[in-house]
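In the working numbering, the protein residues as written are 14 to 117. A virtual CB, placed ideally from N, CA and C, is assigned to each residue, including glycine. Note that the coordinates shown come from a computational prediction; the quantities given were computed from them, not determined experimentally. Okay, structure first, notes after.
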C-alpha cells in the first residue's frame, strides 16, 4: 500500500483505547461547555451592547422572538465549534500519549 493510501485510511481505535478515553472525553466535554459559555457571553456582549444581562432565553417575554432565536442560533453554533475543537484536540492528545486513536 502506498504512503498516500495509508494516510487516507481511517485510524481505528481499539476497544481498550475507547474505554480509557471515556473519562478523558467526559472531562473535555465539561471543559468545552464551560469555555463555549464564556465565549458566547463575550460575543453576545459585542453583538448586543445595550444588553446588560445574560442573553435572552425562550421564556423571557420581554424579548422579541427574533432576538431569542438569534441568541439561540449563535449559542448553538459557538458550542458546536468549541466542542468539536476540544474533542478533536483531546483525541489527538490521547493518541499522542497512548499511540492509539480513541474513536471510530
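Q | Sequence-distant residues of the same chain with beta carbon closer than 6 Å to residue 88, five excluded per side | A | 53
**Q.** Contact between the region 90–108 and the region 61–80 (3+ Cβ pairs under 8 Å)
**A.** no
Q. For the region 42–115, which segments carrying the alpha helix (DSSP H) assignment without a break, of at least 4 residues, lie completely within its bounds, in sequence order?
A. 78–111
(Q) One question on the structure: do residue 85 and residue 57 come within less than 8 Å of each other, judged by their Cβ atoms? (A) no
Q) Hey, residue 94 and residue 48: beta-carbon distance below 8 Å or not? A) no
Q. Under 8 Å, do residue 41 and residue 111 count as touching if we go by C-beta distance?
A. no
**Q.** Same chain, Cβ closer than 8 Å to residue 81, five either side skipped, listed in chain order
**A.** 69, 70, 71, 73
Q. What's the gap between the Cα of residue 150 and the Cα of residue 59?
A. In the structure as shown, the chain begins at 14 and stops at 117. Residue 150 is therefore absent and cannot be evaluated.
(Q) At the level of alpha carbons, what is the spacing between residue 37 and residue 45? (A) 12 Å
Q: Buried or exposed for residue 43, please, with buried defined as at least 16 other CB atoms from any protein chain shown within 10 angstroms of its CB.
A: exposed
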